[in-house]
Every structure is written in structure tokens, then in C-alpha cells.
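Novice: Residue numbers (the working numbering): 86 to 263.
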Ligand code: 5GP
Ligand code: MG
């Protein structure tokens, strides 16, 4: 285990198990559709690539880069830094996200795609933190309900670090203090 990690919350095999289950549901639901899958960069890149490999329907991958965080505190603003290239009009859209916290990011991004005429917008999240929600938003699929506190690994970063950890863990307190 990485020295800066206090405790592992979700191991690779925990995540694999839930990704298999979510993929099984999605493979039934989207069997006859051709959705646009939108990974929310950078955090969702690891989860999304693992999820997408499990999907067997026709799909397009078109990432978006959005940001609402500076350091470990939410700024409350959502900014699209890099937009998708596809026309979503009349097509189902599936966002893939690392974690839903306040809900602002995915609520805002979902509204953008609905305004552009998406046929349906669904959200698949690796983790859901229900206690810290500030807007009324629910992921259609999520891997685990996560506890409060700042998590890293499997795409989740602290100032750009720890995304490569093959598990989700809690950062040691002393790491923030430095
Ligand atoms: P929301 O708009 O739902 O508050 O924020 C979602 C984004 O905040 C996530 O995509 C993620 O980048 C970031 N975030 C929320 N909670 C955590 C956390 O515990 N750890 C990390 N590394 N990022 C988080
Ligand atoms: Mg993110």
C-alpha cells in the first residue's frame, strides 16, 4: 500500500465486482442503442476505461473536461474546460464520473446535454457521497456509497497525485498538513 494512504476503502477486486454488475445492467438496457459515453476528465479516466471495456453494445466515447474543485475544497462553480465533439441531439448520453459529491458537476453537465437535445441522460459513477449533496441529483448507477472525507486513488487525485493507485483509499491527515 502507498505510504500516504491511511486505509483502503475499495480494492481492485471490490471495484471489479461492482463494475461487472453495473456493466451487466447497462448491456441489457443499451443493447439496441448507440449511446455517447462521456467520461468526465480527469478523474473518471481510470474507472471509465475499465467500465467501457465491459460494455458490448455499440457506443461512442467522447470525453469532457470539467472542473469544480481546487485543492480539497469545492469552489461551487462548474466550468467546461474541454467540450465533447459529438452532436448529442436525439441520442442517449451516458456520463461516467469518479465520484458524486455536492452533485453540482453532474447536474450542470446533464442540463447542458439536455439543452442540446440529448434523448436521455444517464450517469454512471464509481462512488456516491450522499451526505454532502447540495443539489437534488442522483446517479442512475453507482459502484459504492462512500463515506464523507477526502478519497484518492483509481482516478481520484489530491493536487494531481494518487490517480494511479489501483484502489480507493483515505489519505493520511499529515499529507494535507504539508
Ligand atoms: P461535485 O460537483 O459532485 O461536488 O464534485 C464532483 C467532483 O469533485 C468529482 O468529479 C471529483 O473530481 C471531486 N471530488 C469530490 N469528492 C472527492 C474526493 O473525496 N476526492 C477527490 N479526489 N475528489 C473528489
Ligand atoms: Mg471529477
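Ideal placement from N, C-alpha and C gives every residue a C-beta, glycine not left out.
Please classify residue 217 as buried or exposed, where buried requires at least 16 neighbouring CB atoms within 10 angstroms.
Specialist: exposed
Novice: Run through DSSP, which three-state label would residue 139 get?
Specialist: Under the three-state reduction of DSSP output, residue 139 falls in the coil class, being neither helix nor strand.
Novice: State the Cα-Cα distance for the pair residue 108 and residue 153, rounded to the nearest angstrom.
Specialist: 28 Å
Novice: Looking at C-beta atoms only, is the number of pairs between the stretch 173 to 193 and the stretch 204 to 214 that lie closer than 8 Å three or more?
Specialist: Counting Cβ pairs under 8 Å, three or more are found: they touch.
Novice: Among the candidates 174, 191 and 221, whose CA atom is the shortest distance from the CA of residue 201?
Specialist: 174
Novice: Quick one: what's got a C-beta closer than 7 Å to residue 97's C-beta in the same chain, skipping five residues either side?
Specialist: Once the five neighbours on either side are set aside, the close Cβ partners of residue 97 are 251 and 252.
Novice: Can you round the beta-carbon distance between residue 122 and residue 144 to whole angstroms, since I take them to be within the 8 Å contact cut?
Specialist: Right, their Cβ atoms sit about 5 Å apart.
Novice: Rounded to whole angstroms, what's the CA-CA distance from residue 112 to residue 262? Just pull it up for me.
Specialist: The straight-line gap from Cα to Cα measures roughly 44 Å.
Novice: Evaluate the contact criterion for the stretch 234 to 247 versus the stretch 192 to 206: three or more CB pairs, one atom per stretch, below 8 Å.
Specialist: no
Novice: Counting beta carbon pairs with one atom in the stretch 186 to 199 and one in the stretch 128 to 141, are three or more of them shorter than 8 Å?
Specialist: no
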